[in-house]
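Novice: The structure that follows is given in the form of structure tokens.
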Amino acid sequence: MSNVPLTKDAAEEAAPLAEDLVVLDSVNKHFGALHVLQDINLTIKRGEVVVVIGPSGSGKSTLCRTINRLETIDAGSITIDGDPLPDEGRGLARLRADVGMVFQSFNLFAHKTVLENVMLGPIKVRRQNKDEVETRARELLDRVGVGTQADKYPAQLSGGQQQRVAIARALAMQPKVMLFDEPTSALDPEMINEVLEVMQQLAREGMTMVVVTHEMGFARSAADRVVFMADGRIVEEAAPHQFFDNPRSDRAKDFLSKIL
Ligand code: ADP
Ligand code: MG
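And the structure:
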């Protein structure tokens with residue numbers, strides 16, 4: 097009898113978390129005649145950091161956008177923590193809340209303060225208590241190093257600070273996975289590291305992350321796996337040292353020779 101859970105809750109707590117957090121199965125997408133995602137099979141494990149690299153136009157952003165359903169797919173399936181991506185409605189809002197996204201262009205609300213930017217999602221979507229949300233928002237802003245900027249407006253911050261606020265805003269939703277689409281590409285060079293350091297820290301803390309980036313130093317040190325895309329396909333995936341030191345495909349060799 098000792099192993100029989102007493103309540104449904106206990107049974108749920110006892111169940112181990114599924115190892116596969118994001119699963120893309122034969123995902124295909126077209127933009128008109130352009131086959132932008134071609135038979136994408138990709139499984140991201142809980143706690144894994146996957147860096148996606150590849151030439152411009154290879155479908156990296158589209159891949160990210162399908163994972164939180166900013167883009168629909170034509171065929172195949174995507175599941176997040178075992179749940180298929182719903183088409184619309186409250187299920188979609190809930191699922192989106194599980195997938196944090198950070199874009200190249202910060203996308204903060206210009207007419208709201210830094211603190212308000214971070215508080216908005218948890219209050220509107222998660223419907224959490226305002227005081228608790230504020231406490232957590234201030235903690236997150238401290239963690240990304242902009243705690244003293246809470247009452248300013250985005251335009252009063254540097255690009256690096258704005259991007260760190262965008263990361264705090266995404267984290268405030270307590271997402272299961274974070275997607276980063278070229279988060280440092282729009283930053284002045286001296287601000288890139290302050291953003292990468294926040295991402296490194298998140299990775300160390302065990303956040304599941306998909307990161308599209310051209311920062312190969314970050315890929316080498318933070319990634320568990322590198323996924324190389326070209327022409328809408330995953331051409332190669334490997335551990336970072338293996339990929340950078342011994343790329344197998346000509347496409348990857350060619351790409352690396354141009355950027356390294
Ligand atoms: P990457 O992020 O790797 O540079 P994208 O996913 O942004 O690539 O784009 C892949 C291809 O899809 C490109 O050829 C791009 O022009 C095209 N594309 C992206 N978004 C759209 C869209 N909304 N409508 C039509 N074509 C698009
Ligand atoms: Mg892109």
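So for the sequence shown, this note's numbering puts the first residue at 97; every next one is plus one.
Just so it is clear, CB atoms sit at the ideal spot from N, CA and C, and this is done for glycine as well.
Model, not experiment: these values are computed from the prediction.
Would you call the CB atoms of Thr168 and Leu133 closer than 8 Å?
Specialist: For Thr168 and Leu133, no; Cβs fall outside 8 Å.
Novice: Taking the alpha-carbon of Gly155 as reference, which of Asn342, Leu292, Val308, Asn213 has the nearest alpha-carbon?
Specialist: Selected option, being the one with the closest Cα: Val308.
Novice: Per the contact definition of three or more C-beta pairs closer than 8 Å, is the stretch 116-128 in contact with the stretch 277-285?
Specialist: Short answer: they don't touch.
Novice: Considering only C-alpha positions, which residue in the set Leu352, Met269, His126 is nearest to Gln338?
Specialist: The residue with the shortest Cα to Cα distance from Gln338 is Leu352.
Novice: Kindly examine the ligand MG and report whether one of its heavy atoms sits closer than 7 Å to the Cβ of Met201.
Specialist: Looking at the sequence itself, residue 201 is Ser, so the reference to Met does not match. Outside the cutoff, so no.
Novice: Please determine whether the Cβ atom of Thr158 lies at a distance below 7 Å from any heavy atom of the ligand ADP.
Specialist: Yes; taking the cut-off as 7 Å, the Cβ of Thr158 has a heavy atom of the ligand ADP nearer than that.
Novice: Would DSSP call Arg222 helix, strand or coil?
Specialist: Note: Arg222 maps to coil in three-state DSSP.
Novice: Hey, out of Ala262, Gly187, Leu188, whose CA is closest to Ala206's CA?
Specialist: The residue with the shortest Cα to Cα distance from Ala206 is Ala262.
Novice: For Phe199 and His131, I'd like the C-alpha separation in whole angstroms.
Specialist: Cα-Cα distance, rounded: 23 Å.
Novice: Note down the Cα distance separating Asp170 from Gln245, rounded to an integer number of angstroms.
Specialist: Approximately 43 Å, taken between the alpha carbons.
Novice: Would you please state the rounded distance, in angstroms, between the beta carbons of Leu298 and Met274? I believe it to be under 8 Å.
Specialist: About 7 Å; that satisfies the 8 Å criterion.
Novice: Return the chain-ordered ranges of every beta strand (DSSP E) run that is complete within the stretch 247-289 and spans a minimum of 3 residues.
Specialist: 273-277, all fully within the stretch 247-289.
Novice: Taking the alpha helix (DSSP H) that Leu166 falls in, what are its first and last residues?
Specialist: Premise fails: Leu166 is in no alpha helix (DSSP H) and is neither H nor E.
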